[in-house]
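**Student:**
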Amino acid sequence: MDSLDALAAGIEDLRARLAAAGRDPDGIDVVFNNFEGGNPGSDDFDADAYLAGVEKLAALGVTWLHVTLPGDSLAHALEATEQFGKTVIAAQHGSN
3 MDSLDALAAG IEDLRARLAA AGRDPDGIDV VFNNFEGGNP GSDDFDADAY LAGVEKLAAL
63 GVTWLHVTLP GDSLAHALEA TEQFGKTVIA AQHGSN
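Going by my numbering, the final residue of the sequence shown carries number 98, and the count climbs one at a time with no gaps.
Structure (structure tokens):
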């Protein structure tokens, strides 16, 4: 997928095919990567932009996100996970 428009069209097509086959379109998950805000652990990670991207993807029907973490060291991966928990996950739970 090279754009959110292409993703939206793909999700719409998938849901239509599921319905045509007699399957519940709400019974499947759609996983995608959020390209907004950068990757946790990078110097330029922007949690607010990431959260805005989450909202856009959810509106399209994405139900799960793939999150890229640094792989250069365990310590860096753990730091990025902690950063993501504090700036993204906690913010999402606080808004619900």
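Ideal placement from N, C-alpha and C gives every residue a C-beta, glycine not left out.
Being a predicted model, the structure only gives us computed values, none of them experimental.
Quick check on the DSSP output: the alpha helix (DSSP H) that includes V33 runs from which residue to which?
**Tutor:** Premise fails: V33 lies in the beta strand (DSSP E), V33 to N35, not in any alpha helix (DSSP H).
**Student:** In whole angstroms, give me the CA-to-CA distance for G43 and D15.
**Tutor:** C-alpha separation (whole angstroms): 35 Å.
**Student:** Let me know if G55 comes out buried or exposed under the rule of 16 or more other beta-carbons within 10 Å of its beta-carbon.
**Tutor:** That one is buried.
**Student:** With a 10 Å radius around its C-beta and 16 neighbouring C-beta atoms as the bar for buried, classify I91 as buried or exposed.
**Tutor:** Exposed: under 16 other Cβ atoms inside 10 Å.
**Student:** Spatial neighbours of G39 within its chain, please: CB distance less than 8 Å, with the 5 preceding and 5 following residues excluded, ordered by chain position.
**Tutor:** Excluding residues within five positions, the ones whose Cβ falls inside 8 Å are F47, D48, A49, D50, A51, Y52, L53, A54 and G55.
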